[in-house]
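These protein sequences, in sequence, are chains A, B, C and D. Heads up: the first sequence begins at 1 in UniProt numbering, then just goes up one per residue. Heads up: the second sequence begins at 1 in UniProt numbering, then just goes up one per residue. Heads up: the third sequence begins at 1 in UniProt numbering, then just goes up one per residue. Heads up: the fourth sequence begins at 1 in UniProt numbering, then just goes up one per residue.
4 protein chains.
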Amino acid sequence: MSAPKKVVLAYSGGLDTSIILKWLQTEYGCEVVTFTADLGQGEELEPARKKAELLGIPSENIYIEDVREEFVKDFVFPMFRANAVYEGLYLLGTSIARPLISKRLVEIARETGADAIAHGATGKGNDQVRFELSAAALDPDIKCIAPWREWDLTSRTKLLEFAEANQIPIAKDKRGEAPFSVDANLLHTSSEGKVLEDPAVMAPDYVFQRTVAPEDAPETPEYIEITFEKGDAVAINGEAMSPATILTKLNELGGKHGCGRLDFVENRFVGMKSRGIYETPGGTVLLEAHRGIEQITLDSGAGHLKDSLMPRYAELIYNGFWFSPEREMLQAAIDKSQELVSGTVRLKLYKGSATCVGRWSDSSLYSEAHVTFEDDAGAYDQKDAAGFIQLNALRLRLLAARKRRLG
Amino acid sequence: MSAPKKVVLAYSGGLDTSIILKWLQTEYGCEVVTFTADLGQGEELEPARKKAELLGIPSENIYIEDVREEFVKDFVFPMFRANAVYEGLYLLGTSIARPLISKRLVEIARETGADAIAHGATGKGNDQVRFELSAAALDPDIKCIAPWREWDLTSRTKLLEFAEANQIPIAKDKRGEAPFSVDANLLHTSSEGKVLEDPAVMAPDYVFQRTVAPEDAPETPEYIEITFEKGDAVAINGEAMSPATILTKLNELGGKHGCGRLDFVENRFVGMKSRGIYETPGGTVLLEAHRGIEQITLDSGAGHLKDSLMPRYAELIYNGFWFSPEREMLQAAIDKSQELVSGTVRLKLYKGSATCVGRWSDSSLYSEAHVTFEDDAGAYDQKDAAGFIQLNALRLRLLAARKRRLG
Amino acid sequence: MSAPKKVVLAYSGGLDTSIILKWLQTEYGCEVVTFTADLGQGEELEPARKKAELLGIPSENIYIEDVREEFVKDFVFPMFRANAVYEGLYLLGTSIARPLISKRLVEIARETGADAIAHGATGKGNDQVRFELSAAALDPDIKCIAPWREWDLTSRTKLLEFAEANQIPIAKDKRGEAPFSVDANLLHTSSEGKVLEDPAVMAPDYVFQRTVAPEDAPETPEYIEITFEKGDAVAINGEAMSPATILTKLNELGGKHGCGRLDFVENRFVGMKSRGIYETPGGTVLLEAHRGIEQITLDSGAGHLKDSLMPRYAELIYNGFWFSPEREMLQAAIDKSQELVSGTVRLKLYKGSATCVGRWSDSSLYSEAHVTFEDDAGAYDQKDAAGFIQLNALRLRLLAARKRRLG
Amino acid sequence: MSAPKKVVLAYSGGLDTSIILKWLQTEYGCEVVTFTADLGQGEELEPARKKAELLGIPSENIYIEDVREEFVKDFVFPMFRANAVYEGLYLLGTSIARPLISKRLVEIARETGADAIAHGATGKGNDQVRFELSAAALDPDIKCIAPWREWDLTSRTKLLEFAEANQIPIAKDKRGEAPFSVDANLLHTSSEGKVLEDPAVMAPDYVFQRTVAPEDAPETPEYIEITFEKGDAVAINGEAMSPATILTKLNELGGKHGCGRLDFVENRFVGMKSRGIYETPGGTVLLEAHRGIEQITLDSGAGHLKDSLMPRYAELIYNGFWFSPEREMLQAAIDKSQELVSGTVRLKLYKGSATCVGRWSDSSLYSEAHVTFEDDAGAYDQKDAAGFIQLNALRLRLLAARKRRLG
């Protein structure tokens, strides 16, 4: 790979990406463009602009954007249509944010004539893969620079020395090492490393940032209603809201009731296991609600096919293949299934749980006439079941007869 | 089908199966053998014996058995090795009990020279299918009699008239109609029908029998440890127990903390949707624990394959195909994966939630040396990730290049 | 089911459906509308009109249509996009025609105010299922009449007696019994029954109608080129043709070279095995060609997903679920994958084989620069493979280390 | 990676691996052990011994083994139980041989105290992955050396210079470059590169080594019978043979009739497409035969599950994951299905085609009594089909009714 001339850096404004910024300038002598996105991580963006300016980035090279609506509408919601869950439990909060960041990095590279992008993910994790696969899928020639895989700033001490040597301001609380590492966006917070590394040891309470402990949640359950159209949430308690507003509101509601905490050991795409603590309050509520509305609006053929495709779909997102033909194929199938997934779900939030306790819809497939214990007027003839069973049993009988025959 | 001469009836001792017993005698003039099983439903069995005797069944034709250990060991545990969940949420509590009952019915038929079995499931539900498919798979020539599909006792009134006309004792509380219908065994309780038929309306609290409401559960979390060997739970808090004892104990623990309630609309195999209220306290705890131990003992290849097979496996059990070649094939694959799924999980039970908060094992695949944020001494070379990504990205780049080429 | 008043019958003009026509009139006293379709079965349709008139059907109740283009364009081609093959070998020639016939039956019922449709399929086969599931999916209230499941004309003798008693003309060659039964359309011929019932015995040569024996095929191979656009064949040897014309032409070419014969024992949806002899000359050539063009235009992610979905897709079509949400979901995924499956394939036809010997495309993903044994100028860095393997091997190493550790 | 001290080299005796041998000695100063296996590639092994001796390898470090029986029994046959085909057409002939070679390399390393293995696969292909993943799965600490990824002998000229400088004898025909590259074993030959690189151009006839052109095959078909036990071929024309003898014999028969040629563009695991010409005469016959015997001995549940698992199974083998938990899980499922796949198949070999024309078995599930067109005496009640269809149609009717309701 030839040296990059101009690099778009995913820049948070924090110490690490500031060091990367400087390192790119000094190591490659290249021009740096910064991209700072509001994905709902809960941090001010303007300090990032000041930091970038301080590090000598001209203002036309500083991109700061609120991408929350795009994030929820084009990434989070399509994923929730699939009820995507990785390895049975993880709601993919980090995974789903990376492709959007890469997409903007590549687009800004195109706008600014940059030939490379850079990110602050390490060589051990999944995020490097997600960033770089997304970039490759969007621009076949873009270079990807992952300083953590290249440089020799391999200890906290060396990083701080580099920062000092390069006049990078170090916040007081960054002098010592953080007891764990955090990623956050509108969908979730993720914490890992250090005090969380032993999967036998319970996560300390100070890890949690977005949810109260169930023990501290209100003593009284709260009931809410979520309305869906074509598989996407469009209203809470009857009030229509934009995608990002809905997720923000569900985060508040779920967080208040201690919903969506997860202590998890997962298989990284790069081959190792890691332990993470996740908080996905709004997403947890949303998943339960979406399953609830699908229960009455999706028929079994569509539902079972979705269930069987989901693990692969989730794995693709986890592994960084959002922008791949196979994810798009699966999305086409999933979206096809959601055309009539509309209606309203009633949920109970209480002490860490979000449970569906009612659902109704104009496009419901539930038929009381068919299922009722009462005398039914011809909707269903129980005698049909005999033939149904008889033919389903036929091959089993032939197998049993063979077994008997062979002794 | 020629008329049966001798029928083994799945007999609960209740009004409905007593009516069936009499109806079989009168309709077919056949000899009846009763089979009453303790599956952990929480009812005394001896009254069933008395009832059968009262209805004229000679004692050698009355089979009463405690099958709880077989139920958990040979049916529930193999199913939990798969983390089987139907349609995202249902733990298959009824489905998994039916094959065992059929197996014993067929075995008793063989022992007693009976040519038919009979059950009390209606023509609208899944249980008829499960009973009869299991029977067909075990004996190709056995007849299956489902009186609810055949007779004209199609209303409560007619049933009671038949009972009175045939001197079948009717308990006082059976004169009126139950507000909903219940099935129970050691794994779960299932309630459906009548007051539960409208899926928009929240289930009334009196439906629940085995779990306290989360609101009434203890204010303090309880921590427990479950130990696994080869995928099966073998001890609670360090105390080794038999399979049925473990599930009984987990029911107590889970029930006390309000775990495992489910309000669910599902797709029946016979083609309609139905709404059920389930309580699976022990199973809910067990599933969470099993997932927890798999997190550190199963590698991603095995785990992801299991995840992708699970929906089909669960569907097979739900639909009644326990005794089918394809279920056995999947079981062989699943069991193969569990050979080293051994170790201990720590769970927190609180107000309706069971969450894994720690796990450890001699056969753990988790490697702190690989995942650590700390300087690592060669276990993992971050530079390898560059090549890994490069080759994973290659096809995406070729796709992107084509797109650009075609314009 | 209440008696039908007006029935649209799938009418071939042959003896059996003529008997059905009469039987419907006499059994139900209902009005009959006939629908005779040219699906490419190779029979004249006008005799069917005369027959219907002879049996008293007024001309406004006689529908005769050439649906070959719709058949190939909307049914055969979408299916071939999936490379659909049932149980490894069968190209689904009968299965794919049934939904179209049902669709027209239901549409004609709507136009003529009929409340039922009828077909001549027996109670043992798959076609009854395909006809009736399709009809149910298109009209929830339509009645389906399957005389073979209802009447008592259960022997050849009884059928002929009924025909004579009702003045139905009997062609001379229909007096005796045919040595096997045939279904045909533009995609294939299917023969089964009687002389073909023993799967150990080779099918006699007179069974084949559309292909010469490979032994009698030309001594010289013939090379042809098929051009695809978006997954569908659009030209042969450079000459653009309509869908049905293409399939007709491929049938000629394939038939002349003895391609597409299949001796097969399959699993029917109704639970039994049956043996069929199929001829699918054009389809066999088309499948090989489609695979050939996909080889260079489909990337591995899309291709492997398609391969894994195909068995389920084929099973759905075989079982009669063409008009189901899950088939439509899979179709959406498959069609998504075909957007750039365009280009040309060269095939060799010879003595029963159709083999792809070359393929090229503007949207090819094949990159000689990457694959070449020659010195490559930077398209691919072989050193990347080391990291790729290293990370793919990581979990296998961890497993091996555990195995060693546990002894 | 620290430098290896003793390396077991997969040594063919050819020029390339002789150069590797020397390069390992000079580059790493390490001791070399050679392993030369007879996998049925059709070459004498003793010249390899002489070559190794000439290059200074002491005789105790020269391993020469005939592994053909192990190859067929433990690798080829298990794979054929699955009907494994990669990307619709490729029988995995190269893929399945690599794990066995790695297994022996690792075992010999253990026996000789070597700390590394080495192979002659390039950095662009799949074989490097297969060798190294297999080795990692069998020994977590073994080093893998792939000289083609490391050295600077990147042109034919440099290789020859190195050979000359190191007194490695060069056969006359190796001075010029081969027009394509070949791999062979008892299952297949594989040719690629150079004259085969353009996938539009038909492969020249001189590429084929093991099959006659269909045009040159006998004018008369040959009929053979293959007998299976538990899914494995055990006899040809009634004569029992060992696994390797059977495959050898089938190669002769298939090769004589021009069976098993394949012109194919495939997706390599490393991300690019490549074009290969394969000859798998015996394997092609065996696959057709195995499908034939499964047609009558496997029920649809088992068969359809196998079909749906197959693409993943084939992909695992292609990608080098033979020694992985997930391949072993799938194998357990597949093997479970084969317990009664026993019986005999009759095949017709003619001019490039191998087609099943008859099959019979004591464990056949085919029931003429059920399928017959003749009057049947109660084996099957056609009226059952009505109920079967009715319940299968129920959900489709509910969907259609919803559609009508919503307009």
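Idealized CB from N, CA, C, for every residue including glycine.
- Residue 217(A) and residue 217(B) have their C-alpha atoms roughly 14 Å apart.
- At a cut-off of 8 Å between beta-carbon atoms, residue 139(D) makes contact with chain C.
- For residue 228(B), DSSP records a beta bridge to 233(B) and 343(B).
- Three or more Cβ pairs drawn from the segment 285 to 293 of chain B and the segment 332 to 351 of chain B lie within less than 8 Å of each other, which places the two stretches in contact.
- For chain D, the residues of the segment 257 to 273 of chain B that bring a beta carbon within less than 7 Å of one of its beta carbons are 270, 271 and 272, in chain order.
- Within 10 angstroms of the beta-carbon of residue 369(B) lie fewer than 16 other beta-carbons, which makes it exposed.
- Restricting attention to 71(D), 222(D), 161(D) and 302(D), the CA atom closest to the CA of residue 39(D) is found in 71(D).
- Between residue 57(A) and the set 88(A), 98(A) and 13(A), the nearest pair of CA atoms involves 13(A).
- Identification of residues in the segment 77 to 103 of chain C having a C-beta nearer than 8 Å to some C-beta of chain D yields 83, 87, 88 and 89, given in sequence order.
- Distance check between residue 154(A) and each of 342(A), 165(A) and 122(A) places 122(A) closest, using alpha-carbon atoms only.
- For the pair residue 371(B) and residue 194(A), the CB atoms are not nearer than the 8 Å cut-off.
- Between residue 92(C) and residue 84(C), the C-beta spacing is below 8 Å.
- Within its own chain, the residues whose Cβ lies closer than 8 Å to the Cβ of residue 302(A), once the five positions on either side in sequence are excluded, are 337, listed in chain order.
- With a cutoff of 8 Å on beta-carbon distance, residue 279(D) and residue 211(D) are scored as near each other.
- The beta carbon of residue 383(D) falls within 8 Å of a beta carbon belonging to chain A, placing the residue at that interface.
- Counting other Cβ atoms within 10 Å of its Cβ, residue 104(C) reaches 16 or more and is therefore classed as buried.
- The C-beta of residue 120(C) comes no closer than 8 Å to any C-beta of chain D.
- For residue 275(D), the closest Cβ of chain A is not nearer than 8 Å.
- Every beta strand (DSSP E) stretch that sits fully inside the segment 134 to 192 of chain C and reaches 3 residues is listed by chain position as 143 to 145, 181 to 184 and 189 to 192.
- Listed by position along chain C, the residues whose Cβ is nearer than 8 Å to that of residue 386(B) are 384 and 387.
- For residue 406(A), there are no C-beta contacts with chain C under 7 Å, since the nearest C-beta of that chain is about 17 Å from it.
- Using a CB distance cut-off of 8 Å, residue 372(B) counts as an interface residue toward chain A.
- Taking residue 179(D) as the centre and dropping the five residues before and after it, the same chain places the C-beta of 194 and 195 closer than 7 Å to its C-beta, in chain order.
- Look at residue 351(A) here: in three-state DSSP terms it is coil, with no helix or strand label.
- Residue contact with chain B for residue 69(D): absent (no Cβ-Cβ distance below 8 Å to any residue of chain B).
- Residue environment for residue 128(A): buried (at least 16 other C-beta atoms within 10 angstroms of its C-beta).
- Residue burial is scored here from C-beta neighbours: residue 315(A) has at least 16 other C-beta atoms within 10 angstroms and is therefore classed as buried.
- Cα atoms of residue 33(D) and residue 270(A): separation of roughly 33 Å, rounded to the nearest angstrom.
- Distances from the alpha-carbon of residue 378(A) to those of 387(A), 367(A) and 388(A) put 367(A) closest.
- Here residue 173(D) is exposed, its C-beta having fewer than 16 other C-beta atoms within 10 Å.
- With its beta carbon less than 8 Å from one in chain B, residue 295(A) belongs to the interface.
- The CB of residue 392(A) comes closer than 9 Å to the CB of 129, 132, 133, 136, 269, 319, 320 and 321 in chain B, given here in chain order.
- For residue 64(A), DSSP records a beta bridge to 36(A).
- Per DSSP, residue 294(A) has no beta-bridge partner at all.
- Scanning its chain for C-beta atoms nearer than 8 Å, with the 5 sequence neighbours on each side dropped, one finds around residue 284(D) the residues 91, 254, 259, 260 and 354, in chain order.
- Between the C-alpha atoms of residue 137(B) and residue 45(C) there is a straight-line separation of about 47 Å.
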